[in-house]
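Asks: The structure is given below, and queries will be raised subsequently.
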Amino acid sequence: MHRPPPWSLVLALVLLSPALSSEDINYDPATNYRPENVTGLDYYYYPWVGSYYNGTATFTISGLSIRSRSYDEDEDQELCTQLQNYTYTLSYPALLAITETEPEDERPENTNPVNVILSTSYSNFTKYFNDYMDSSNMQIRDEPWVFESIDVSRRMYGYETTDPNFNLSMVESTGADTPYRVTGSSSGEDNSLQGLQTNMSSCSKIEDWWGVTFYSGIVMPALQLTFDAHAASFMLASGAVMNTLGTSNSDDDMPQLAGRIAVEFLGRIDEARSDVLVSPGSEGEPRWLRTVGFGNNSANLDYSLESAASNPVTTGSALIGVLGVVGYLLL
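Residue numbering for the sequence shown is -22 to -1, 1 to 309, as defined by mature numbering (1 follows the signal peptide of the UniProt record, and there is no 0).
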């Protein structure tokens, strides 16, 4: 099993956590959304209850070969010398969100215990800011690539249920203090992964535009995820098709390249913007104590002595929640 946080921290957080946020009248504890009451929190990236990790996403493209657009053509063309045995890598600042699921989403039984969102940024997440007063979502202009295990909504208002893009499952723990492990693959034949655009060498030019499309097969893309209260790793492997050869990117007869692509992320927990990850429940799934938006965790962005003191448990529903958490920790 996974070791829970120290008792002193757990009890302090539980006893200071209200059932409802007094500062956000629209907050609904039945959803996976946080209260929208934290000054300085970018709600485009951090709207959900869960853990957030800062790091770098590295894309590696390898094993290139020519792929004709028409099945009638001979595909045994020889790859140009420049791209034979060629491996290309590029990296972006990245943010990995591992969050609670939305109860109303349609999910296959015993799958998808968490939502997984990996966002990349040209500017290291500094160009645009979106707090709870602004829903313009300009951040999309700063994102070269995003992974979503399920199509997520960043605001609870107007939320619509959706089917997952990946079927993810927890891997059984091998002992105490081991991190959570999640594995899975794409949930259908349709390509659910966003394409990637970048500049890299081609047969005709030194720096040519590449449009990289992830290929959806029976097994791939495949995902491996490992995380705990301190760090996380993410690895996605897939086939890919790329538009790189020829003299014109708009030429329908232009051959394509096929190859392999891997996306790897390593990151550290962002305590200021993360809720407290605790031991798994009866099904071994991650659980979080809700702290962001309540001002009761000294590691969080919104902590203050005043807000912690003003958030005692005062309602019956809150007390039931406290007793449930305490009872679970005694198991």
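Where a beta carbon is used, it is the ideal one built from N, C-alpha and C, also for glycine.
Below 6 Å CB to CB, which residues in the same chain sit around Ile3 once its five sequence neighbours on both sides are set aside?
Replies: none
Asks: Determine the contact status of Gly245 and Leu19, defining contact as a CB-CB distance below 9 Å.
Replies: no
Asks: In terms of residue numbering, what span does the beta strand (DSSP E) encompassing Ser43 cover?
Replies: 28 to 45 is the span of the beta strand (DSSP E), which, as asked, contains Ser43.
Asks: Here's a check: name, in chain order, each residue in its chain whose Cβ is nearer than 6 Å to the Cβ of Thr59, leaving out the five neighbours to either side.
Replies: none
Asks: Evaluate Arg119 with the Cβ neighbour count: other Cβ atoms within 10 Å of its Cβ, from every protein chain shown; 16 or more gives buried, anything less gives exposed.
Replies: Per the 10 Å Cβ criterion, exposed.
Asks: Measure the Cβ-Cβ separation of Glu84 and Pro142 and say whether it is below 9 Å.
Replies: yes
Asks: Determine the closest residue to Leu61 out of Ile39, Phe103, Tyr21, with distance taken between C-alpha atoms.
Replies: Checked all of Ile39, Phe103, Tyr21; the closest Cα to Leu61 is Ile39.
Asks: Whole angstroms are fine: how far does the CA of Thr67 sit from the CA of Phe212?
Replies: 16 Å
Asks: Once the 5 residues before and after Asn90 are set aside, which same chain residues still bring their CB inside 6 Å of it?
Replies: Pro142, Leu146
Asks: If we ignore side chains and look at the alpha-carbon of each, how far apart do Ser(-2) and Pro122 end up?
Replies: Residue placement at Ser(-2) is flagged as unreliable, the pLDDT there being 44, under the threshold of 50; a coordinate-derived value is accordingly withheld.
Asks: Could you check whether Ser216 and Phe243 sit closer than 9 Å to each other, using their CB atoms as the reference points?
Replies: no
Asks: Return the residue from the list Tyr100, Val94, Val16 that minimises the CA-CA distance to Phe272.
Replies: Val16
Asks: Quick one: what's got a C-beta closer than 8 Å to Ser43's C-beta in the same chain, skipping five residues either side?
Replies: Correct list, in chain order: Leu57, Leu235, Ala236, Gly237.
Asks: What does DSSP give as the partner residues of Tyr11 in its beta bridges?
Replies: The partner list for Tyr11 (beta bridge, DSSP) reads Trp26.
Asks: Quick check on the burial criterion: 16 or more other C-beta atoms within 10 angstroms. Buried or exposed for Gln55?
Replies: Looking at its Cβ environment, which holds fewer than 16 other Cβ atoms inside 10 Å, Gln55 is exposed.
Asks: If the criterion is Cβ atoms closer than 9 Å, does the pair residue 314 and Val160 meet it?
Replies: A query on residue 314 cannot be resolved here, the shown segment of the chain reaching from -22 to 309 and no further.
Asks: Count the other C-beta atoms from every protein chain shown that fall within 10 angstroms of the C-beta of Glu87, then say buried if there are 16 or more, exposed otherwise.
Replies: Under this definition Glu87 is an exposed residue.
Asks: Given that a residue counts as buried once 16 or more other Cβ atoms are within 10 Å of its Cβ, and exposed if not, what is Asp253?
Replies: buried
Asks: Can you tell me whether Leu202 is helix, strand or coil according to DSSP?
Replies: According to the sequence displayed, residue 202 carries Gln and not Leu. Correct three-state label for Gln202: strand.
Asks: Which whole-angstrom value is the C-beta distance of Asp248 and Tyr23, which I expect to be below 8 Å?
Replies: Actually they are not in contact, since the Cβ atoms of Asp248 and Tyr23 sit about 10 Å apart, beyond 8 Å.
Asks: Residues in the same chain with beta-carbon distance under 6 Å from Phe37, minus the five sequence neighbours each way, listed in chain order, please.
Replies: Leu68, Val241
Asks: Check whether the Cβ atoms of Ser151 and Pro199 lie closer than 9 Å to each other.
Replies: no
Asks: Could you pull out every residue in the same chain whose Cβ sits closer than 6 Å to the Cβ of Met116, ignoring the five residues on either side in sequence?
Replies: The residues are Tyr106.
Asks: What does the alpha-carbon distance come out to for the pair Phe103 and Gly189?
Replies: 23 Å
Asks: Quick one: residues in its chain with C-beta nearer than 8 Å to the C-beta of Tyr281, no 5 flanking neighbours on either side, listed in chain order?
Replies: Gly273, Asn274, Asn275
Asks: So for Glu249, helix, strand or coil by DSSP?
Replies: If DSSP states are grouped into helix, strand and coil, Glu249 belongs with the helices.
Asks: Within the same chain, show all residues whose beta-carbon is closer than 6 Å to that of Gly33, passing over the 5 residues directly before and after it, in chain order.
Replies: Ala72, Phe243, Leu244, Gly245
Asks: Rank Tyr64, Val27, Pro25 by C-alpha distance to the C-alpha of Gly41 and give the top, closest one.
Replies: Tyr64
Asks: According to the neighbour-count rule (16 or more other Cβ atoms, all chains shown, within 10 Å of its Cβ), is Asn278 buried or exposed?
Replies: buried
Asks: Output needed for Val144: all residues of its chain with C-beta closer than 7 Å, excluding positions within five of it in sequence on either side, in chain order.
Replies: Looking at the sequence itself, residue 144 is Phe, so the reference to Val does not match. Answer for Phe144: Ser127, Gly162, Ser163, Ser164, Ser165, Leu201, listed in chain order.
Asks: Grab me the residues of Leu99's own chain with a C-beta within less than 7 Å of its C-beta, minus the 5 sequence neighbours each way, in chain order.
Replies: Reading off the sequence shown, one finds Ser at residue 99, where the question assumed Leu. Same-chain partners within the cutoff: Tyr70, Pro71, Asp120, Glu121.
Asks: Quick check on Arg119: does DSSP put it in helix, strand or coil?
Replies: helix
Asks: Measuring CA to CA, which of Gly173, Leu174, Val130, Ser179 is closest to Thr77?
Replies: Val130
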